[in-house]
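Colleague: Heads up: the sequence lines are chains A and B, in that order. Using this note's numbering, the letters of the first sequence correspond one by one to residues 119 to 555. Using this note's numbering, the letters of the second sequence correspond one by one to residues 1225 to 1498.
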Amino acid sequence: MHLFLLGVSHRTAPVELRERLDFSSRDLGTAVQALAAHPAATEAVLLSTCNRSEVYVASDDPLQAREEIVGFLADYHGVPADAFVPHLFERSDGDATRHLFRVAAGLDSLIVGEPQILGQVKDAFQVAADRQCVGPLLTRLFQSSFGVGKRVRTETALGEGAVSVGFAAVELARKIFGRLDGRSVLVVGAGEITTLAAQHLHTHGVGEIVVTSRTGSSAEALAAKVSGRAIGWDQLASAVAGADIVVSGTGAPRPILTHADVQAAVSGHRSRPLFIIDLAVPRDVEASVGSLEQVFLYNVDDLQALVHENVSRRGAEIDRAEFIVGEEVTRFGSWRRSRGAVPTVVALRRRFEAIRRSEFERLGVKLSGLSPADRERVDEVTRLIVEKLLVEPTEQLKALPDEETQAAYTEAVNRLFGLRDEASEIDRSIDRPLRRS
Amino acid sequence: VNLLTLALYAAAGVAYAIHFARRSPTVGRAATTLLLLGALTHTFAIGMQTMEVRHVPFANPSRAVSTFVWLLALSYLYLEIAADERAMGVFILPVMVGLQVIPAAYPGVENADPVLDSPWFWVHVSSLLFAYASFALAGVLGVTYMLQFKEIKKKHLGFFYTRLPSLSILDSMNLRAVVIGWAFLTVGVVVGLIWTAQARQVAPGDPNLQAMWVGDPKVFIALVTWAIYSFALVSRPTLGWSGRRAAWLSALGFVVVMLNFLPVSYFVETSHTF
C-alpha cells in the first residue's frame, strides 16, 4: 500500500486554474465519494482551500491511481486534462507525508503560519471519514498531521504575532483586556478603514459598538452593519469616557482628540485602561495622549511596525517548525514500517503454529503412553521452540530501515515460506473494519 | 530531606525557565511534576518535624521559612492549576529556592517556649505565613504586570508580551491574592493580640510579652504591611488604583513583608523569635 498525492497549490498554479479545480465551493462529500469509487484509490481525502486542491489516496498501484485522479479531476470539473496537468505536483509515500505535515503546520501557506489551514485539513479528513472513504493509512496520516499542526503551534512562534494591521489591533486588545466580550468600542469616523476595523472587532465578539461621525447618516449605516448604535458628533468626548477601545479614522486635518479631552475622559474613578487605535493619517489623536497613565495609544505606523516585526519573527521560527515536521515524518514512517511487516509476521506465526500442531496431533498415537502431564510438557516445549525460532526474524522485519528494503524482505519471506496469499488476506482483514464495503 | 526538597525546587525552577523561554508544553509539564514532587517531599519533611515536636514547626526562623516556602509552593500550584497558566512559575520558583536555602543550610532546633504552647499562637503564625505566601504571589503578579505594561506602553512588544497572560487577567489574579492575603493577615494580627493578652495573664512577668506592642519592630512592620494592603484594597474602588498602581503596591508590600520576615527575624532585637 502506497501513499500518493496529486494536486495544485498557490506555488504551482495560477489562481484562475485553482478556481477551476476548487472543490470547496461544491459538495466535497460527493466528490470524495466519487473519487474513492475508483479501483486504484482505496482510500481518499480531498483537501481544497483557496490556495490548494490536493488529492490524497492510499493505493496499491500509484501509477494507475495517478491516471484515475487526473481523469477524475478532468471529469468532475469539466476541465481538459491538458489544461492542468502541467501545473500538477505529485508526491508519494514519505514525501507525501512530509507535504501534508508541512501544510498542516502552516509552512506551505501563502502567509506562513496562518492558523486556518489546520482546521481546513481537519474538515477535509472529517468529510472523507464521514463517507467511509478512509482506511487505516489515511486515518493515521491525517491524525498525525493534526498532531504536527498542534505541536508547531504550541512549541514554536510560527503562528504567533498578527500579520495584518487589523489582527495586530485585536491581539493587542486581547493582551490588555483578556477576553473582548463585554468591552465597549467607540468608532470615530465611518470611512472605509474604520468600517473594516469595526467589523473585525465585531467578529471577535466585543460587547457594545458605538459609532460617531461628522455625518450622522454614515455613522448610522456603519452602526447597522456591526449591530451597534450611532451617537451624535457632539457626544464624542463623553463617549470616550465610556469606552474601553477607541478606533479613530476620520479625514480631519488636525487632531480631534486632544490631550485635555482624553485626560478628562480617564480622570476620576476610572480604573480600566483605555486602548486608542488611531488609524487616521494625519493623526486624529494627539501623540501626548499616549503618556497618560492608563492609556495605550497606537497609530497606523505603530501597528505596521508590529506586523513587520511579526513577519520577520515568523521567518525565524520556520527552521524549528521544519524540524518538528521532520521528526513527525520519521515517526510516521516507522509506524508504517512496523505496520507493513505485520501481515507477513502474522502469517509466518500462523504457519509455524499450524505445522507444530499437525505434527503434535500426528504423533498423538505414539505419545499415548505418556501421562497427561508429560504430554502437556511436550506441547509446551514444542511451542517454546517455535516461539524462540520466530523472535529474531520478527524483530528484524519490523526494524528494517526504509520502506523499499522492507518491501523486499517481506516479499522474500512470503516467497520462501509460500505465505503470499495468506499475508495479503491478513492485510485486508486488518483494514476491513475501517474501509468502505 | 531538606536538601532533596531544595534540589527538586531548583530543578523545577530551571524547568520553568526553559518552559518560559522555549514554550515547550512537555518541559512545562515536567516543571509542574518536579514542583509537585518537591512539595511532596517538603510535606513529608514538615510532617516528620510535626510528629517530632507535636506541632507544626515554626518556633524558630529557619523552620518558619521552610513552612512559608511550603505554603507558597502549595498556593502557587493552586494558582497554576486554577488559572491553567504556567508563566508565573519562572518568577515564583527563584523566591522559593532562595528562601529554602536557609532551612537547608541551618535546620535549626525547634525549641518552643512553653508559653507559646497555645492554639492561639499556632493560628497566629499559620495565618500570617499563609498571608505572606499570598502576598508573595501578588507581588510576583504585580511585577509581571508592570513588565508587560511597560512593553505595551512603549510599543515594544517582546519577550514578556508573547509569554504572559493578559493585563486584565494578571490584575484580577493580583486582586484575588491580595484579598486572601489581607484576610489572613488581619486574622493573624487580631489573634496575635488576643493571645498576647491571654498569655500576659498566665505569665505576667515574661519580659517578651511585655515587649509585644506597637513599639516592637516586628509588630510595627506587620501593621505597616496591613496598612499598605488595606490601602491597596480601598484605593481600587475609590481612587481607581487598579492595574499598574495596584501592581506597584503589591510589589512594594511584598518587599516590606520580606523585610519583616528575614532581616528583622535574624538581625533585629525583637520579642518575636521570627
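Don't be surprised by glycine CBs; every beta carbon is placed ideally from N, CA and C. In this text the structure is predicted, and so the values were computed from the model without any measurement.
Around the Cβ of A275 (chain A), are there at least 16 other Cβ atoms within 10 angstroms (buried) or fewer (exposed)?
Modeller: If you number the first sequence from 1, residue 275 (chain A) lands on position 157. The residue is buried, with at least 16 neighbouring Cβ atoms inside 10 Å.
Colleague: With DSSP as the reference, label N428 (chain A) as helix, strand or coil.
Modeller: Translated into positions along the first sequence, residue 428 (chain A) becomes position 310. The answer is helix: DSSP assigns N428 (chain A) an H, G or I state.
Colleague: Under 8 Å between beta-carbons, which chain A residues line up against R1460 (chain B)? List them in chain order, please.
Modeller: For the purposes of this step, residue 1460 (chain B) is identified with residue 236 of the second sequence, where counting begins at 1. Chain A residues near R1460 (chain B): S389.
Colleague: Going residue by residue through the region 1244-1300 of chain B, where are the continuous alpha helix (DSSP H) segments of at least 4 residues, counting only ones entirely within it?
Modeller: Correct list: 1249-1277.
Colleague: Applying the criterion that 16 or more other CB atoms from any shown protein chain within 10 Å of the CB defines a buried residue, is Q353 (chain A) buried or exposed?
Modeller: If you number the first sequence from 1, residue 353 (chain A) lands on position 235. Burial call: exposed.
Colleague: Which residues of chain B have a Cβ atom closer than 7 Å to the Cβ of E560 (chain A), listed in chain order?
Modeller: Given a span of 119 to 555 for chain A in the structure shown, any question on residue 560 (chain A) remains unanswerable.
Colleague: Does chain A have any CB closer than 9 Å to the CB of I1393 (chain B)?
Modeller: Looking up residue 1393 (chain B) in the second sequence gives position 169. I1393 (chain B) counts as touching chain A.
Colleague: Looking at chain B, which residues of the region 412-425 of chain A have a Cβ within less than 7 Å of any of its Cβ atoms?
Modeller: For the region 412-425 of chain A, which is checked against every Cβ of chain B, the residues closer than 7 Å are Q412, F414, Y416, D420, L424.
Colleague: Contact check, F122 (chain A) vs P204 (chain A) under 8 Å by CB: the rounded distance?
Modeller: The sequence position of residue 122 (chain A) within the first sequence is 4, counting from 1. The sequence position of residue 204 (chain A) within the first sequence is 86, counting from 1. Incorrect: roughly 19 Å between the Cβ atoms, too far for contact.
Colleague: In three-state DSSP terms, what is T500 (chain A)?
Modeller: For this step, residue 500 (chain A) is matched to residue 382 along the first sequence. Three-state result, T500 (chain A): helix.
Colleague: Measuring only between beta-carbons, confirm whether W1465 (chain B) sits less than 9 Å from chain A.
Modeller: Looking up residue 1465 (chain B) in the second sequence gives position 241. Yes, W1465 (chain B) lies at the interface with chain A (some Cβ there is under 9 Å from its Cβ).
Colleague: Using the beta-carbon of each residue, which ones in chain B are nearer than 9 Å to K240 (chain A)?
Modeller: Working through the first sequence from its first residue, we reach residue 240 (chain A) at position 122. By Cβ distance, chain B contributes nothing, its closest Cβ being about 20 Å from K240 (chain A), past 9 Å.
Colleague: Which chain A residues are close to K1379 (chain B), counting only those with a beta carbon under 7 Å from its beta carbon?
Modeller: Within the second sequence, residue 1379 (chain B) is the residue found at index 155, counting from 1. Result: Y416, D420.
Colleague: For P1249 (chain B), return the contacting residues in chain A, with the cut-off set at a CB-CB distance below 8 Å.
Modeller: Position 25 of the second sequence, counted from the first residue, corresponds to residue 1249 (chain B). Near P1249 (chain B) (Cβ distances below 8 Å), the residues of chain A are T272, E273.
Colleague: Distance check for K293 (chain A) and F1478 (chain B), CA to CA, integer angstroms please.
Modeller: Start at 1 with the first residue of the second sequence, and residue 1478 (chain B) comes out as number 254. Start at 1 with the first residue of the first sequence, and residue 293 (chain A) comes out as number 175. Answer to the nearest angstrom: the Cα atoms are 25 Å apart.
Colleague: Using the rule of at least 16 other Cβ atoms within 10 Å of the residue's Cβ for burial, across every protein chain shown, is G1237 (chain B) buried or exposed?
Modeller: The count along the second sequence starts at 1 and reaches residue 1237 (chain B) at position 13. With 16 or more other Cβ atoms within 10 Å, it is buried.
Colleague: Please confirm whether A1355 (chain B) and I1404 (chain B) have their CB atoms less than 9 Å apart.
Modeller: The residue given as residue 1355 (chain B) occupies position 131 in the second sequence. The residue given as residue 1404 (chain B) occupies position 180 in the second sequence. The answer is yes: Cβ separation under 9 Å.
Colleague: Quick check: the Cα distance between A1234 (chain B) and R269 (chain A), rounded to an integer number of angstroms?
Modeller: As a working mapping, residue 1234 (chain B) is identified with position 10 in the second sequence. As a working mapping, residue 269 (chain A) is identified with position 151 in the first sequence. Taking the straight line from one Cα to the other gives about 27 Å.
Colleague: Using a Cβ cut-off of 9 Å (strictly closer), state whether I1242 (chain B) contacts chain A.
Modeller: Indexing the second sequence from 1 puts residue 1242 (chain B) at position 18. No - not a single Cβ of chain A is within 9 Å of the one on I1242 (chain B).
Colleague: Quick check on this structure: which residue in B:L1317, B:A1311, B:F1408 has the alpha carbon closest to the alpha carbon of V1347 (chain B)?
Modeller: As a position in the second sequence, residue 1347 (chain B) is number 123, starting the count at 1. When each option's Cα is compared against that of V1347 (chain B), the closest is B:F1408.
Colleague: Determine, for R449 (chain A), whether the minimum Cβ-Cβ distance to residues of chain B falls below 9 Å.
Modeller: In the first sequence, the residue the question calls residue 449 (chain A) occupies position 331. No - not a single Cβ of chain B is within 9 Å of the one on R449 (chain A).
Colleague: Taking the continuous beta strand (DSSP E) assigned at N417 (chain A), which residues delimit it?
Modeller: In the first sequence, residue 417 (chain A) corresponds to position 299, counting from 1. Residues 413-417.
Colleague: Quick check on V1314 (chain B): does DSSP put it in helix, strand or coil?
Modeller: Numbered from its first residue, the second sequence carries residue 1314 (chain B) at position 90. Correct three-state label for V1314 (chain B): helix.
Colleague: Strictly by DSSP, which residues pair up with T167 (chain A)?
Modeller: On the first sequence, residue 167 (chain A) is found 49 positions in, with the first residue counted as 1. DSSP, once it has assigned bridges, lists A:R170 as partnering T167 (chain A).
Colleague: Do S1358 (chain B) and V1402 (chain B) count as a contact pair if the criterion is CB distance below 9 Å?
Modeller: Here the question's residue 1402 (chain B) lines up with position 178 in the second sequence. Here the question's residue 1358 (chain B) lines up with position 134 in the second sequence. Contact flag set, yes.
Colleague: Can you grab the Cα-Cα spacing for the pair E1304 (chain B) / R1310 (chain B), in whole Å?
Modeller: In the second sequence, counting from the first residue as 1, residue 1304 (chain B) sits at position 80. In the second sequence, counting from the first residue as 1, residue 1310 (chain B) sits at position 86. Taking the straight line joining both Cα atoms gives about 6 Å.
Colleague: Residues in the same chain with beta-carbon distance under 6 Å from V1289 (chain B), minus the five sequence neighbours each way, listed in chain order, please.
Modeller: One-based indexing of the second sequence puts residue 1289 (chain B) at position 65. Answer for V1289 (chain B): L1323, I1326, P1327, listed in chain order.
Colleague: Could you check what DSSP says for V324 (chain A) in three-state terms: helix, strand or coil?
Modeller: As a first step, residue 324 (chain A) must be located in the first sequence, where it is residue number 206. V324 (chain A) falls in the coil class under three-state DSSP.
Colleague: Look up D362 (chain A) in the DSSP assignment and say whether it is helix, strand or coil.
Modeller: The residue labelled residue 362 (chain A) in the question sits at position 244 within the first sequence. Three-state result, D362 (chain A): coil.
Colleague: Quick check: is the beta carbon of G224 (chain A) nearer than 9 Å to any beta carbon in chain B?
Modeller: Within the first sequence, the letter at position 106 stands for residue 224 (chain A). By this cut-off, G224 (chain A) is not an interface position.
Colleague: Find out if the Cβ-Cβ distance for the pair V1448 (chain B), V1480 (chain B) is shorter than 9 Å.
Modeller: Here residue 1448 (chain B) is taken as the residue at index 224 of the second sequence, counted from 1. Here residue 1480 (chain B) is taken as the residue at index 256 of the second sequence, counted from 1. Yes, the Cβ-Cβ distance between V1448 (chain B) and V1480 (chain B) is below 9 Å.
Colleague: When you compare only the Cα positions, how much space is there between P551 (chain A) and A246 (chain A)?
Modeller: Position 433 of the first sequence, counted from the start, is the residue given in the question as residue 551 (chain A). Position 128 of the first sequence, counted from the start, is the residue given in the question as residue 246 (chain A). Unreliable placement is indicated for P551 (chain A), whose pLDDT of 40 sits below 50; no coordinate value is reported for it.
Colleague: Is G237 (chain A) buried or exposed, if buried means 16 or more other CB atoms sit within 10 Å of its CB?
Modeller: On the first sequence, position 119 is the one that residue 237 (chain A) refers to. So G237 (chain A) counts as exposed.
Colleague: So is F285 (chain A) in contact with chain B if we call contact Cβ pairs under 9 Å?
Modeller: Here residue 285 (chain A) is taken as the residue at index 167 of the first sequence, counted from 1. Judged by the 9 Å Cβ criterion, F285 (chain A) is not in contact with chain B.
Colleague: If you draw a straight line from the C-alpha of P1318 (chain B) to the C-alpha of T1291 (chain B), how long is it?
Modeller: Residue 1318 (chain B) sits at position 94 when you count from the first residue of the second sequence. Residue 1291 (chain B) sits at position 67 when you count from the first residue of the second sequence. Cα-Cα distance, rounded: 16 Å.
Colleague: Comparing alpha-carbon positions, which option in A:A339, A:G189, A:D140 lies nearest P157 (chain A)?
Modeller: Position 39 of the first sequence, counted from the first residue, corresponds to residue 157 (chain A). Considering only alpha carbons, the answer is A:G189.
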